[in-house]
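Worksheet: the structure to be examined is printed underneath.
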Amino acid sequence: MSGYTHDLAQQVHAWTPADPERALEVAELAVVDTLASAIAAIGDDTVTTALTAVGTGSAGAATAWATGQGSDVQQAALLNGLTAHALDYDDVDDAMIGHPSTVLLPALLAVAEDRDLSGAAVLDAYGAGLLACRDLAAELGIVGHYAAGWHATGTVGTVAAAAALARLLGLDQLGTQHALGIAGSLACGSRQNFGTMTKPLHAGVAARNAVLAATLAEGGFTADPDQLEGPLGFVSLHHGTGRSVREPAGGPDVTGLNVKLYPCCYYLHSAADAALDLRDQGLSAAQVESVTVTVHPGGLAPLIHSRPTSGLQGKFSMEYAMAAALLDGHLLLSSFTDEQVNRPEAQDLLRKVTKRTDPVPPVGGGASGAYAVVEVTTTTGEVLRRRVDRARGHASRPVDEAGLRAKFDDCVAFAGLDPRRGGVVYESLRHLRAATSVRTAMHDLRELTAAAASTTVDA
34 MSGYTHDLAQ QVHAWTPADP ERALEVAELA VVDTLASAIA AIGDDTVTTA LTAVGTGSAG
94 AATAWATGQG SDVQQAALLN GLTAHALDYD DVDDAMIGHP STVLLPALLA VAEDRDLSGA
154 AVLDAYGAGL LACRDLAAEL GIVGHYAAGW HATGTVGTVA AAAALARLLG LDQLGTQHAL
214 GIAGSLACGS RQNFGTMTKP LHAGVAARNA VLAATLAEGG FTADPDQLEG PLGFVSLHHG
274 TGRSVREPAG GPDVTGLNVK LYPCCYYLHS AADAALDLRD QGLSAAQVES VTVTVHPGGL
334 APLIHSRPTS GLQGKFSMEY AMAAALLDGH LLLSSFTDEQ VNRPEAQDLL RKVTKRTDPV
394 PPVGGGASGA YAVVEVTTTT GEVLRRRVDR ARGHASRPVD EAGLRAKFDD CVAFAGLDPR
454 RGGVVYESLR HLRAATSVRT AMHDLRELTA AAASTTVDA
């Protein structure tokens with residue numbers, strides 16, 4: 034019998050989307066959302082610190098998104114993955130428990146620019162890579178993997194992006210197995226680093242390592258062709274439980290992604306919606322005596338900062354998210370700065386927040402896979418409750434074109450860039466499938482970010 038590495042490689046090349054138009058649409062929306070998240074981050078300390086430390090590498094055809102400069106393909110993948118994930122505003126996939134696009138797209142676009150490939154080729158390979166993310170997560174036993182402390186964006190993302198690149202580069206069956214095997218040895222990422230600059234580094238390293246794995250395999254470099262399922266291989270090493278019966282290669286089809294409407298950990302979003310709904314109904318922060326947030330089991334796993342003192346920590350703090358939502362009536366890019374997190378009124382209010390998990394929601398009937406209930410006791414003793422099962426922007430509550438454009442425009446404005454040029458970039462990315470050359474399509478992005486680069490970092 035063929036093993037998992039063989040079957041995944043076969044799936045990568047044999048996959049044909051059941052709905053080709055839908056697959057293209059999902060991929061194109063992911064491109065827009067990922068680049069929006071990267072644009073917003075070009076002046077962020079994480080990005081500027083990385084650029085100062087390592088620069089953009091040797092001049093090449095691939096674009097370093099934060100600077101608009103040409104870069105070599107591996108360095109571009111590293112920097113662009115880090116930049117897209119720096120603000121934790123990029124998309125999320127439930128099946129993966131991670132951020133697929135912030136690894137897949139930096140790898141694919143860097144290679145496509147370097148090789149002067151088409152936009153359609155990138156979108157096609159993205160679909161195969163997204164499917165690989167989901168299939169790998171199922172094979173691995175993603176809940177156990179995540180609970181053990183692994184960051185799936187870095188681990189699953191590395192192998193899935195190598196798979197996507199194998200399709201883009203047209204590697205044969207054995208070459209693809211070697212690419213997957215190389216990537217299986219390079220996959221890494223610890224959740225202990227959530228709330229630090231190293232979390233987005235996981236995405237960048239994953240994208241770079243995927244490029245390294247695929248190009249090595251293309252050149253004839255070898256690995257164990259059964260690495261993923263081997264007794265010392267990727268699945269065994271990464272503490273997953275594995276699915277009991279492996280489905281035939283082919284797996285599920287590509288469906289929608291969760292688009293973030295708040296620039297913080299996705300595990301905060303349903304609770305944030307609930308708190309903001311209560312705020313919209315007239316609740317003020319001054320009325321709050323206490324707040325209890327109840328979420329599904331496992332729903333607090335990444336929220337490791339109960340008393341945050343930095344903007345990065347605030348992105349992984351239920352307490353701060355509740356305080357900011359109730360104080361301000363919004364969660365924006367500007368909500369997650371050191372100054373906002375440390376303001377006295379936020380620090381006072383976040384100490385009134387208690388978080389807990391329960392398999393049974395305290396209100397609203399039957400259990401949900403990913404619910405959040407926010408209960409506020411007011412200073413007069415009244416108890417206000419709001420339950421949200423799926424946050425706005427979730428694949429089951431998808432963002433519309435106007436919402437996507439609003440997020441993109443807000444990211445451009447947050448970065449202090451020219452909104453007119455931003456609109457041109459939006460249109461070129463939103464119609465990437467028509468681009469015969471990714472180099473040409475990225476030209477407008479280069480012009481947009483290059484003007485700001487000289488004022489943020491000397492790369």
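Take the position in the sequence shown, starting the count at 1, then add 33; the result is the number in this note's numbering. Heads up, the beta-carbon is just placed ideally off N, CA and C, and yes, glycines get one too.
When secondary structure is reduced to three states using DSSP, residue 55 falls in the helix class.
Judged by DSSP in its simplified three-state form, residue 419 adopts strand. DSSP lists 326 as the bridge partner or partners of residue 388.
Counting along the chain, the unbroken alpha helix (DSSP H) around residue 251 starts and ends at 231-251. Take residue 418, set aside five residues on each side of it, and the residues of its chain with a beta-carbon closer than 6 Å to its own are 396 and 408, in chain order. Fewer than three pairs of CB atoms, one per stretch, sit closer than 8 Å, so the segment 75-95 makes no contact with the segment 177-193. Taking a 10 Å sphere around the C-beta of residue 114, we find 16 or more other C-beta atoms and assign the residue as buried. Distance from the Cα of residue 201 is smallest, within the candidate group 443, 261, 410 and 45, for 45. Per DSSP, the unbroken alpha helix (DSSP H) holding residue 135 starts and ends at 134-148. Residue environment for residue 478: buried (at least 16 other C-beta atoms within 10 angstroms of its C-beta).
Residue 411 and residue 471 have their C-alpha atoms spaced approximately 55 Å apart. In this structure residue 360 is not in contact with residue 59, their Cβ atoms being roughly 36 Å apart against a cut-off of 8 Å. With a cutoff of 8 Å on beta-carbon distance, residue 437 and residue 152 are scored as not near each other. Annotated three-state conformation of residue 396 is coil, per DSSP.
Counting C-beta pairs closer than 8 Å gives fewer than three between the segment 97-113 and the segment 154-168, which falls short of the contact rule. In its chain, beyond the 5 residues on either side, 121, 297, 298 and 369 have a beta carbon closer than 6 Å to the beta carbon of residue 348.
Contact between residue 187 and residue 239 holds: their C-beta atoms lie close to 5 Å from each other, under 8 Å. With respect to the C-alpha of residue 142, the residue from 203, 211, 170 and 64 having the closest C-alpha is 64. In this structure, DSSP gives residue 260 a state outside helix and strand, which the three-state scheme calls coil. Sequence-distant partners of residue 71 (beyond 5 residues in either direction) whose C-beta falls short of 6 Å from its own C-beta, in its chain, are 98, 116 and 117. Closest by C-alpha distance to residue 305, out of 323, 266 and 350, is 350.
Your pair residue 165 and residue 197 checks out as a contact, with CB atoms roughly 7 Å apart and the cut at 8 Å. With contact defined as three or more Cβ pairs closer than 8 Å, the segment 415-430 and the segment 40-56 are not in contact. In the displayed model, residue 403 falls within coil according to three-state DSSP, outside both helix and strand. The Cβ atoms of residue 38 and residue 213 lie closer than 8 Å to each other. One thing to note: residue 326 has its Cβ within 8 Å of the Cβ of residue 386.
Burial state of residue 262 is buried, judged by a 10 Å Cβ sphere holding 16 or more other Cβ atoms. Where residue 104 is concerned, the enclosing beta strand (DSSP E) starts and stops at 102-104.
In the DSSP assignment, residue 126 forms a beta bridge with 131. Looking at 211, 235, 231 and 252, the one whose alpha-carbon comes closest to that of residue 259 is 211.
DSSP, read as helix, strand or coil, puts residue 89 in coil. Taking a contact as a CB-CB distance under 8 Å, the pair residue 136 and residue 243 counts as one, their CB atoms being some 7 Å apart.
According to the DSSP assignment, residue 97 belongs to the beta strand (DSSP E) that extends over 95-97. For residue 440, the enclosing alpha helix (DSSP H) begins and ends at 434-447. Looking at 414, 399, 80 and 40, the one whose alpha-carbon comes closest to that of residue 230 is 80.
By the criterion of a C-beta distance shorter than 7 Å, residue 56 is surrounded in its chain by 50, 160 and 287, once the five residues flanking it on both sides are discounted.
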